[in-house]
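Residue numbers (the numbering used here): 1 to 326. A short write-up of the structure that comes next.
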């Protein structure tokens with residue numbers, strides 16, 4: 001609280017008046033900046049709820065991504081103005097390196113570490129939120145999940161109870177899905193002594209391979225289902241589609257049906273669409289004998305490398321055990 005023997009110095013920001021932080025008035029300063037964050041709509045920046053979308057709007061960003069990034073940048077500038085404008089020169093000099101490195105959460109929480117009355121409660125609340133974080137394909141991406149963990153880690157930097165990288169890794173291993181695909185990734189992390197940044201990169205690539213396989217399998221199924229039940233182009237004799245088509249005299253060549261596109265007049269080996277899909281080497285397609293069932297499996301090199309590395313590590317462990325090395 002502000003001393004009763006001195007008049008507090010106020011900063012009249014565009015989001016309301018804030019008492020400038022001088023080291024002994026944490027409660028009044030905290031109340032003012034919290035209200036300013038809420039008034040500006042930027043409170044999600046310092047809590048980690050608002051995360052900058054990827055990719056950056058240089059190449060390949062959609063209109064929705066660019067709009068989200070522009071909104072995030074606007075809120076980020078508001079946070080910088082509120083934090084720097086509400087600190088005296090001594091504390092402002094302490095947070096400037098964090099702001100330059102774009103660690104705005106660290107800059108916001110730095111004054112908290114100088115408030116002994118709130119240290120223990122603050123650390124407990126941060127750790128509680130850290131362990132509440134969850135991951136799921138319908139909730140967030142693996143990088144978004146790690147961003148939230150790292151946000152909580154940043155808030156305890158320099159305190160008596162910091163969150164180590166090993167704690168972040170252990171939390172991630174315990175939180176990852178228990179499916180067969182993710183179990184391979186989890187076991188690989190436990191075998192390899194990788195640093196945190198490499199684990200994040202590999203899990204991000206592993207997640208992309210899983211999403212890519214699921215997407216291609218769905219697209220192949222969706223494009224192929226029900227084709228023999230649809231009406232062909234036009235009406236009249238010879239314009240039907242599938243096994244119920246009625247036509248006149250049919251030559252031997254025109255009666256040939258492609259198992260890939262299910263169009264008559266050519267074989268699968270001469271099908272343009274089949275050759276194009278073959279060249280892409282992205283989808284390995286198997287057809288049943290009647291050409292109606294299709295299974296699509298997409299396995300990228302990134303995902304295959306996990307299986308190869310895990311298999312090699314397991315072979316080494318078994319060999320070492322049989323040789324009494326371990």
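Virtual Cβ for every residue (Gly too), placed ideally from N, Cα, C. Note that the coordinates shown come from a computational prediction; the quantities given were computed from them, not determined experimentally.
Relative to the alpha-carbon of residue i, which residue among the options has its alpha-carbon at the smallest distance?
{"i": "residue 90", "options": "74, 77, 105 and 110", "result": "110"}
{"i": "residue 133", "options": "29, 94, 8 and 48", "result": "48"}
{"i": "residue 345", "options": "86, 186, 67 and 13", "result": "Given that the chain is displayed from residue 1 to residue 326, the structure contains no residue 345 and the question cannot be resolved."}
{"i": "residue 13", "options": "25, 169, 34 and 273", "result": "34"}
{"i": "residue 157", "options": "182, 126, 50 and 144", "result": "126"}
{"i": "residue 194", "options": "62, 166, 44 and 171", "result": "166"}
{"i": "residue 330", "options": "160, 96 and 92", "result": "The structure shown does not extend to residue 330, since the chain is modelled only from 1 to 326, so the question has no answer here."}
From residue i to residue j, what does the alpha carbon distance come to, in whole angstroms?
{"i": "residue 37", "j": "residue 82", "result": "8 angstroms"}
{"i": "residue 149", "j": "residue 174", "result": "13 angstroms"}
{"i": "residue 205", "j": "residue 10", "result": "49 angstroms"}
{"i": "residue 124", "j": "residue 147", "result": "20 angstroms"}
{"i": "residue 244", "j": "residue 192", "result": "Confidence at residue 244 is low in this model, with a pLDDT of 49, below 50, so its placement is unreliable and no value can be given for it."}
{"i": "residue 294", "j": "residue 266", "result": "Note that residue 294 scores a pLDDT of 39, beneath 50, so its modelled location is shaky and nothing firm can be said."}
{"i": "residue 203", "j": "residue 23", "result": "42 angstroms"}
{"i": "residue 209", "j": "residue 15", "result": "45 angstroms"}
{"i": "residue 101", "j": "residue 151", "result": "14 angstroms"}
{"i": "residue 20", "j": "residue 26", "result": "9 angstroms"}
{"i": "residue 228", "j": "residue 255", "result": "Because the pLDDT at residue 228 is just 47, under 50, the model does not fix this residue reliably, and the value given afterwards should be weighed accordingly. Those two C-alpha atoms are separated by around 16 angstroms."}
{"i": "residue 262", "j": "residue 274", "result": "11 angstroms"}
{"i": "residue 184", "j": "residue 99", "result": "39 angstroms"}
{"i": "residue 140", "j": "residue 257", "result": "44 angstroms"}
{"i": "residue 196", "j": "residue 169", "result": "7 angstroms"}
{"i": "residue 69", "j": "residue 63", "result": "10 angstroms"}
Assuming residue i is part of the beta strand (DSSP E), what are its boundary residues?
{"i": "residue 16", "result": "16-19"}
{"i": "residue 260", "result": "Looking at the DSSP string, residue 260 is not in any beta strand (DSSP E), and its letter there is neither H nor E."}
{"i": "residue 12", "result": "10-13"}
I think residue i touches residue j, with their Cβ atoms under 8 angstroms apart; what is that distance to the nearest whole Å?
{"i": "residue 142", "j": "residue 207", "result": "5 angstroms"}
{"i": "residue 18", "j": "residue 32", "result": "4 angstroms"}
{"i": "residue 42", "j": "residue 79", "result": "5 angstroms"}
{"i": "residue 51", "j": "residue 136", "result": "With a Cβ gap of about 16 angstroms, residue 51 and residue 136 do not count as contacting."}
Looking at the unbroken alpha helix (DSSP H) that takes in residue i, where does it start and where does it end?
{"i": "residue 41", "result": "It is not in any alpha helix (DSSP H) - residue 41 carries neither H nor E in the DSSP assignment."}
{"i": "residue 148", "result": "142-155"}
{"i": "residue 78", "result": "63-85"}
{"i": "residue 175", "result": "165-175"}
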